[in-house]
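Worksheet: the structure to be examined is printed underneath.
Number of protein chains: 4
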Amino acid sequence: MAARPDRGDVATYIPELARVDPKHFGIAVIDAEGNAHVGGDGDMPFSIQSISKVFTLTLALGKAGDRLWRRVGREPSGSPFNSIVQLENERGIPRNPFINAGAIAITDLILSGHQPREVLGEILRFMQFLADDPTIIIDEAVAASEQRTGYRNNALANYMKAFGVLDNPVEYTLGVYFHHCAIAMSCRQLAMAGRFLAQYGRNPTTGHRVVQPERARRINALMLMCGHYDGSGEFAYRVGLPGKSGVGGGILAIAPGKASIAVWSPGLDASGNSHLGRIALEILTRRMGWSIFGA
Amino acid sequence: MAARPDRGDVATYIPELARVDPKHFGIAVIDAEGNAHVGGDGDMPFSIQSISKVFTLTLALGKAGDRLWRRVGREPSGSPFNSIVQLENERGIPRNPFINAGAIAITDLILSGHQPREVLGEILRFMQFLADDPTIIIDEAVAASEQRTGYRNNALANYMKAFGVLDNPVEYTLGVYFHHCAIAMSCRQLAMAGRFLAQYGRNPTTGHRVVQPERARRINALMLMCGHYDGSGEFAYRVGLPGKSGVGGGILAIAPGKASIAVWSPGLDASGNSHLGRIALEILTRRMGWSIFGA
Amino acid sequence: MAARPDRGDVATYIPELARVDPKHFGIAVIDAEGNAHVGGDGDMPFSIQSISKVFTLTLALGKAGDRLWRRVGREPSGSPFNSIVQLENERGIPRNPFINAGAIAITDLILSGHQPREVLGEILRFMQFLADDPTIIIDEAVAASEQRTGYRNNALANYMKAFGVLDNPVEYTLGVYFHHCAIAMSCRQLAMAGRFLAQYGRNPTTGHRVVQPERARRINALMLMCGHYDGSGEFAYRVGLPGKSGVGGGILAIAPGKASIAVWSPGLDASGNSHLGRIALEILTRRMGWSIFGA
Amino acid sequence: MAARPDRGDVATYIPELARVDPKHFGIAVIDAEGNAHVGGDGDMPFSIQSISKVFTLTLALGKAGDRLWRRVGREPSGSPFNSIVQLENERGIPRNPFINAGAIAITDLILSGHQPREVLGEILRFMQFLADDPTIIIDEAVAASEQRTGYRNNALANYMKAFGVLDNPVEYTLGVYFHHCAIAMSCRQLAMAGRFLAQYGRNPTTGHRVVQPERARRINALMLMCGHYDGSGEFAYRVGLPGKSGVGGGILAIAPGKASIAVWSPGLDASGNSHLGRIALEILTRRMGWSIFGA
Chain A
0 MAARPDRGDV
10 ATYIPELARV
20 DPKHFGIAVI
30 DAEGNAHVGG
40 DGDMPFSIQS
50 ISKVFTLTLA
60 LGKAGDRLWR
70 RVGREPSGSP
80 FNSIVQLENE
90 RGIPRNPFIN
100 AGAIAITDLI
110 LSGHQPREVL
120 GEILRFMQFL
130 ADDPTIIIDE
140 AVAASEQRTG
150 YRNNALANYM
160 KAFGVLDNPV
170 EYTLGVYFHH
180 CAIAMSCRQL
190 AMAGRFLAQY
200 GRNPTTGHRV
210 VQPERARRIN
220 ALMLMCGHYD
230 GSGEFAYRVG
240 LPGKSGVGGG
250 ILAIAPGKAS
260 IAVWSPGLDA
270 SGNSHLGRIA
280 LEILTRRMGW
290 SIFGA
Chain B
0 MAARPDRGDV
10 ATYIPELARV
20 DPKHFGIAVI
30 DAEGNAHVGG
40 DGDMPFSIQS
50 ISKVFTLTLA
60 LGKAGDRLWR
70 RVGREPSGSP
80 FNSIVQLENE
90 RGIPRNPFIN
100 AGAIAITDLI
110 LSGHQPREVL
120 GEILRFMQFL
130 ADDPTIIIDE
140 AVAASEQRTG
150 YRNNALANYM
160 KAFGVLDNPV
170 EYTLGVYFHH
180 CAIAMSCRQL
190 AMAGRFLAQY
200 GRNPTTGHRV
210 VQPERARRIN
220 ALMLMCGHYD
230 GSGEFAYRVG
240 LPGKSGVGGG
250 ILAIAPGKAS
260 IAVWSPGLDA
270 SGNSHLGRIA
280 LEILTRRMGW
290 SIFGA
Chain C
0 MAARPDRGDV
10 ATYIPELARV
20 DPKHFGIAVI
30 DAEGNAHVGG
40 DGDMPFSIQS
50 ISKVFTLTLA
60 LGKAGDRLWR
70 RVGREPSGSP
80 FNSIVQLENE
90 RGIPRNPFIN
100 AGAIAITDLI
110 LSGHQPREVL
120 GEILRFMQFL
130 ADDPTIIIDE
140 AVAASEQRTG
150 YRNNALANYM
160 KAFGVLDNPV
170 EYTLGVYFHH
180 CAIAMSCRQL
190 AMAGRFLAQY
200 GRNPTTGHRV
210 VQPERARRIN
220 ALMLMCGHYD
230 GSGEFAYRVG
240 LPGKSGVGGG
250 ILAIAPGKAS
260 IAVWSPGLDA
270 SGNSHLGRIA
280 LEILTRRMGW
290 SIFGA
Chain D
0 MAARPDRGDV
10 ATYIPELARV
20 DPKHFGIAVI
30 DAEGNAHVGG
40 DGDMPFSIQS
50 ISKVFTLTLA
60 LGKAGDRLWR
70 RVGREPSGSP
80 FNSIVQLENE
90 RGIPRNPFIN
100 AGAIAITDLI
110 LSGHQPREVL
120 GEILRFMQFL
130 ADDPTIIIDE
140 AVAASEQRTG
150 YRNNALANYM
160 KAFGVLDNPV
170 EYTLGVYFHH
180 CAIAMSCRQL
190 AMAGRFLAQY
200 GRNPTTGHRV
210 VQPERARRIN
220 ALMLMCGHYD
230 GSGEFAYRVG
240 LPGKSGVGGG
250 ILAIAPGKAS
260 IAVWSPGLDA
270 SGNSHLGRIA
280 LEILTRRMGW
290 SIFGA
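Residue numbers (numbering that gives the first Met the number 0), protein chains in the order written: chain A, 0 to 294; chain B, 0 to 294; chain C, 0 to 294; chain D, 0 to 294.
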């Protein structure tokens, strides 16, 4: 990682991400009334990376329901995002859907019996629908960059395949995985897409139900427990909101009943979470009294 | 553990606890107005065990402030409550204050420079003050039983001592630890003692501030992330409230701004948390719309 | 694995190996005078599997010398043959050349800058030269079977690649690895090939030096310490000879200065080593007074 | 540890050992004819520490026979000498008799049903008998020093006690353990005591059989596999003799049928084994052609 005092380090293990200017900062808040408050580079698209895991989990729960939990656990891992140790100790079952191994297993579940291209289209259309914005695209250069260098994800996928946790050919599952991580969105689009989690499962613009209220609550619970890898405890302690980070420097955070929030700052802390993004959310939450642990 | 279908197993590793009738069930809810709703065996005292860790953490934060976090982390451990593996990998620093090693380190911090008897008196008076009930006592038989058989806690304490994480003689620190875990309280008393966490740090009866609102929020965050050992994710997913369990079968749960809740049922699940207690809280939370992840 | 009382279980994770009749038993001893003593199915070829790792290590030491030890350690692993945990804890450096990860790293070193086909030819010719038998071949059906199902080896290779421990494309390195493990040899051929390790580095027929005496000693030391995965201690304790096993049921054992020995019985014990093969070597060593730990 | 370039670092975790002058060097070789070759400080007593484990294992095998292996394994651990991780993963059963946990379990077995003082006397008399020297004593200052600071061994013992692997009170077992580790011997005395392992179980002076030849072989095998903790592979690779090291800087090495050798140099390498001691043995073995892996 490239050293950036104050801002953290930009992820360099995906070559395409290493080129992003660490000085960007964007924020978007969609409140309960549906008003959007956007600041800084809040309309500039960035690579959402692992934040996509929230949405593929939502899709997979829609398809497989609680059957999904046979393949993935729901406990914090206490390990880095790309750890393989836990898999060996627990017969190839990832600890939760938000570490890399878990998200790959979820992707494999969505893929089952379909063509990668078809499934990718479905994921992208789901994002466009949630954000109410048909211009969202996949950044093919990022996807290709990750596909060329993603040895560790390849190891995780092959390892789960050895335990029978994946159904599809490893290269198909990873192809879809690398591509949905390469979706490019702005803070505004991301905060829009997260509204259903803040609004009891409902899209507040259309009034359409995306998921049942209980499912929205449970996805929020998983985000709080596992959304920041081995920095999840720190995020809960300081920010006090369910959130999911990505190595592109984005964080989606949910204040249930109150707001859907997205921030973006490319510099990362030691656990791979946006350094300034977390601080911004900490300040915002305190000012607004939005912590789920008491105003 | 002794098999009890439907109710889970009563903890048997502390001989004194193994004698408790698994059919007990108690509940107490103190709402925002200060009204107590008590049911079943809600007035029968039981061994609060690890629930005491919430209160010793509160005391220790009062004495040491953020200096405390040099000795204990605040991430979920992903390991059983009495695991020692994590300590070896992280130079004797326990992952969080609610696993046994962490609570022993917190006890050692409170003890510093004082006599065990004196410190125990302070902890007990703090409980009596919070619960507004001077009749709360320590069950000496339970403390003695644990002191005789607590080899694993002895291993944890000696291990931390080897890394210089404990200041006091191991037998002093463990003596205080075993005794505060042996405090006996009813659900009513426990729910009363938890009110300050539900009411932004304030004791609603007296109006006295116990801790700053931010500290109450942070203790709640730690309870949610780490309060049920390697079953913390499950508790967040199903119940959606900060909570702390003890192997005596009790659980203290906090609905911020709404209620302090205590349940008791001695049968435990595989992670050592009250089986029926968790189910009761799941039903209550759903009915009342108290989940912190969205009503 | 398929249960075979008394004989252990035939390896089933490589489909092609699962078809072998577990009742085969062969043995060959080449003594210091070069006489061959062959019994049972000692002239029937079987898949040598991991026994090939002794010979690829010998080749790699010839090419890279002690530089090799920058990529692979030489301590027993205390872990199963296909464990990945150790790699995560030690930055992708395999503990020794005889666990799968180590042998893959060694194969990658031999491959460097050459075509897989070319390198495979070199390995095969080395085996034919050592065994003084040009009829030794690679069983393509076994290699193909392993290539189709070798997810765990794929995980190990990708994992090391992520740490920069492998130079070549993963599929090239694994291609060579799967093929040299699929070499088919009889006990007689294997015992012949092992003579240089029993004779201070020299091929006793031709008198040609294969390696320096010190290198022969060191390869023997590595075989004793690491040749039977997490059953290495048991083999040293019971047999007392340097040896290397393969999941095809073969074992090559060396009595320094006295004999090169190969046994074959397809049933495996819990650590993946030939069950009857080990017992046969134990009896033989005791009768002949060949233990390196005292006659 | 205190830095000593070239010689390694003197162990400082036992305060009493930290005072030893790192410049000492002693060696003693007893050959097959019983001749003693002694050089340097070879007649100066030092703390044998873990080398005592070879002799307590011999005693315990005499008392318990193969029943001993229910409590201790015989595989290399792949971990440091005082690791506790392996115990948690394997239900309190130490991997082998030469890591600290294993030697504590062996001590507990010898102790069973006797008084600590009585058992210590027996161990000391066994050493005096083997070395043919009644002047050997226990250094009480070292024993006391270790007893005051041995938190990590206390953790190991309590941990095994929790799993029921120890029968006696922890403080009794550790008392005996710390005292037999504190036996003080010179290289000459140590090499004398090791003769039975080099001479097929027999004391060559008296002609008395100490153990059966097979048992001597097996103890040698265990020394080779596990005698130098996570540096055992390195010792086998470089020296090629069964050996056991102690943190006092001593090493006992056995050339079966040829010699019993003791060296002493207090500076340790990263694995806690005598740095110069190992190098001296490497040179000696090469010169004499004593490697068990081929002359």
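We put the CB at the ideal spot given by N, CA and C, even for glycine.
Please read all numbers here as calculations on a predicted model, not as lab measurements.
Measuring CA to CA, which of B:110, B:186, B:237 is closest to residue 40 (chain B)? For the purposes of this step, residue 40 (chain B) is taken as the residue at position 41 of the second sequence. For the residues B:110, B:186, B:237, the minimum Cα distance to residue 40 (chain B) belongs to B:186.
At least one CB of chain D closer than 9 Å to the CB of residue 229 (chain C): is that the case? On the third sequence, residue 229 (chain C) is found 230 positions in, with the first residue counted as 1. Chain D contact via Cβ: present.
Do we get a CB-CB distance below 9 Å when we pair residue 0 (chain C) with the residues of chain A? Your numbering for residue 0 (chain C) matches position 1 in the third sequence. Model confidence at residue 0 (chain C) stands at a pLDDT of 37, short of 50, so the residue's coordinates are unreliable; what they give is reported in the following sentence. It does not; no Cβ of chain A falls within 9 Å.
If you compare alpha carbons, which of C:67, C:91, C:83 is closest to residue 89 (chain A)? Looking up residue 89 (chain A) in the first sequence gives position 90. When each option's Cα is compared against that of residue 89 (chain A), the closest is C:83.
Please compile the residues from chain A whose C-beta is within a distance smaller than 7 Å of the C-beta of residue 215 (chain B). Position 216 of the second sequence holds residue 215 (chain B). Going along chain A in sequence order, the residues near residue 215 (chain B) (Cβ under 7 Å) are 293.
For the region 67 to 91 of chain C, which residues have a beta carbon sitting closer than 8 Å to at least one beta carbon of chain D? 72, 73, 74, 75, 76, 77, 78, 85
Where residue 102 (chain A) meets chain C, residues with beta-carbon distance less than 7 Å: To locate residue 102 (chain A), count along the first sequence from 1; it is residue 103. Ordered by position in chain C, no residue passes the 7 Å Cβ test against residue 102 (chain A), which lies about 17 Å from the chain.
Among the residues of its own chain, which have a CB less than 8 Å from the CB of residue 130 (chain B), if the five just before and after it don't count? Along the second sequence, one-based indexing puts residue 130 (chain B) at 131. Closer than 8 Å at Cβ, skipping near neighbours: 184, 188, 189, 191, 192.
Contact under 9 Å by Cβ, residue 221 (chain D) with residue 291 (chain D): For the purposes of this step, residue 221 (chain D) is taken as residue 222 along the fourth sequence, with counting starting at 1. For the purposes of this step, residue 291 (chain D) is taken as residue 292 along the fourth sequence, with counting starting at 1. Against a cut-off of 9 Å, the Cβ pair of residue 291 (chain D) and residue 221 (chain D) comes out as no contact.
Contacts around residue 242 (chain A), its chain only, beta-carbon distance under 8 Å, and the 5 residues preceding and following it disregarded: Start at 1 with the first residue of the first sequence, and residue 242 (chain A) comes out as number 243. The residues are 222, 223, 226, 227, 234, 250, 251, 252, 253, 280.
Within 10 angstroms of its Cβ, does residue 198 (chain C) collect 16 or more other Cβ (buried), or is it exposed? By 1-based counting over the third sequence, the position of residue 198 (chain C) is 199. Flag for residue 198 (chain C) reads buried.
Straight-line gap, residue 289 (chain B) to residue 257 (chain B) (C-alpha atoms, nearest Å): Here the question's residue 289 (chain B) lines up with position 290 in the second sequence. Here the question's residue 257 (chain B) lines up with position 258 in the second sequence. Taking the straight line joining both Cα atoms gives about 8 Å.
Using a Cβ-Cβ distance cut-off of 9 Å, determine whether residue 151 (chain C) contacts chain A. Residue mapping note: residue 151 (chain C) aligns to position 152 of the third sequence, counting from 1. Output row for residue 151 (chain C): interface = yes.
Taking only the alpha-carbon atoms, compute the straight-line gap between residue 137 (chain A) and residue 260 (chain A) and give it to the nearest angstrom. Walking along the first sequence from the start, residue 137 (chain A) turns up at place 138. Walking along the first sequence from the start, residue 260 (chain A) turns up at place 261. About 22 Å.
Can you list, in chain order, the residues of its chain with a C-beta nearer than 7 Å to that of residue 51 (chain C)? Leave out the 5 residues immediately preceding and following it. Reading the third sequence from its first residue, position 52 is the one you call residue 51 (chain C). Cβ neighbours of residue 51 (chain C) beyond the five flanking positions: 179, 180, 182.
Name the residue from C:118, C:128, C:272 whose alpha carbon lies nearest to the alpha carbon of residue 174 (chain C). Here the question's residue 174 (chain C) lines up with position 175 in the third sequence. It is C:118.
Look at the alpha carbon of residue 263 (chain D) and the alpha carbon of residue 204 (chain D), and state the distance between them as a whole number of angstroms. To locate residue 263 (chain D), count along the fourth sequence from 1; it is residue 264. To locate residue 204 (chain D), count along the fourth sequence from 1; it is residue 205. Using only the alpha carbons, I get a separation of about 24 Å.
Taking only three categories from DSSP, how would you classify residue 240 (chain A)? Against the first sequence, residue 240 (chain A) aligns to sequence position 241. DSSP places residue 240 (chain A) in coil when its eight states are reduced to three.
By the DSSP assignment, the alpha helix (DSSP H) with residue 224 (chain B) in it spans what residues? Position 225 of the second sequence, counted from the start, is the residue given in the question as residue 224 (chain B). Looking at the DSSP string, the run of the alpha helix (DSSP H) that includes residue 224 (chain B) is 212 to 225.
Any idea what DSSP makes of residue 267 (chain B), helix, strand or coil? For the purposes of this step, residue 267 (chain B) is identified with residue 268 of the second sequence, where counting begins at 1. In this structure, residue 267 (chain B) counts as strand in the three-state DSSP scheme.
Of the residues A:21, A:15, A:195, A:123, the one placed nearest residue 275 (chain A), counting alpha carbons only: By 1-based counting over the first sequence, the position of residue 275 (chain A) is 276. Ranking A:21, A:15, A:195, A:123 by Cα distance to residue 275 (chain A) puts A:21 first.
In angstroms with no decimal places, state the Cα-to-Cα distance between residue 282 (chain A) and residue 196 (chain A). For this step, residue 282 (chain A) is matched to residue 283 along the first sequence. For this step, residue 196 (chain A) is matched to residue 197 along the first sequence. Cα to Cα, residue 282 (chain A) sits roughly 21 Å from residue 196 (chain A).
Buried or exposed: residue 215 (chain C), going by 16 or more other Cβ atoms within 10 Å of its Cβ? Indexing the third sequence from 1 puts residue 215 (chain C) at position 216. Buried is the call here.
With distance defined between alpha-carbon atoms, name the residue in B:32, B:149, B:57 nearest to residue 108 (chain B). Mapped onto the second sequence, residue 108 (chain B) falls at position 109. Checking every option, the nearest Cα to that of residue 108 (chain B) belongs to B:57.
Under the DSSP definition of a beta bridge, which residues are partnered with residue 36 (chain A)? Within the first sequence, the letter at position 37 stands for residue 36 (chain A). For residue 36 (chain A), which the question treats as bridged, DSSP gives the partners A:28.
Mind the definition here: the region 59 to 75 of chain D touches the region 97 to 116 of chain D only if three or more C-beta pairs lie below 8 Å; say whether that holds. yes
If I measure Cβ to Cβ from residue 238 (chain D) and keep anything under 8 Å in the same chain, skipping five residues before and after, which residues do I get? As a working mapping, residue 238 (chain D) is identified with position 239 in the fourth sequence. Same-chain partners within the cutoff: 252, 277, 280, 281, 284, 290.
Contact under 9 Å by Cβ, residue 100 (chain B) with residue 159 (chain B): Position 101 of the second sequence, counted from the first residue, corresponds to residue 100 (chain B). Position 160 of the second sequence, counted from the first residue, corresponds to residue 159 (chain B). Contact flag set, yes.
Does the distance from the C-beta atom of residue 74 (chain B) to that of residue 232 (chain A) stay below 9 Å? Counting from 1 along the second sequence, the entry for residue 74 (chain B) is found at position 75. Counting from 1 along the first sequence, the entry for residue 232 (chain A) is found at position 233. A contact, by the Cβ cut-off of 9 Å.
Buried or exposed: residue 255 (chain C), going by 16 or more other Cβ atoms within 10 Å of its Cβ? Position 256 of the third sequence, counted from the start, is the residue given in the question as residue 255 (chain C). The residue is buried, with at least 16 neighbouring Cβ atoms inside 10 Å.
Beta-carbon of residue 154 (chain B) versus every beta-carbon of chain D: anything under 9 Å? Position 155 of the second sequence, counting from 1, holds the residue named residue 154 (chain B). Chain D, which has a Cβ nearer than 9 Å to the Cβ of residue 154 (chain B), makes this yes.
Between the region 269 to 281 of chain B and chain A, which residues of the former have CB atoms less than 7 Å from a CB of the latter, in chain order? none
Closer than 8 Å at the beta carbon, the chain D residues around residue 199 (chain C): Locating residue 199 (chain C) in the third sequence gives position 200, where the first residue counts as 1. 293, 294, listed in chain order.
Would residue 170 (chain A) be called buried (16 or more neighbouring beta carbons within 10 Å of its own) or exposed? As a working mapping, residue 170 (chain A) is identified with position 171 in the first sequence. With fewer than 16 Cβ atoms within 10 Å of its Cβ, residue 170 (chain A) is classed as exposed.
Taking Cβ-Cβ distances shorter than 8 Å, what residues in chain E pair up with residue 157 (chain D)? Of the protein chains in this structure, namely A, B, C and D, none is chain E.
Go ahead and pull the three-state DSSP assignment for residue 191 (chain D). Locating residue 191 (chain D) in the fourth sequence gives position 192, where the first residue counts as 1. Of the three classes helix, strand and coil, the one that applies to residue 191 (chain D) here is helix, per DSSP.
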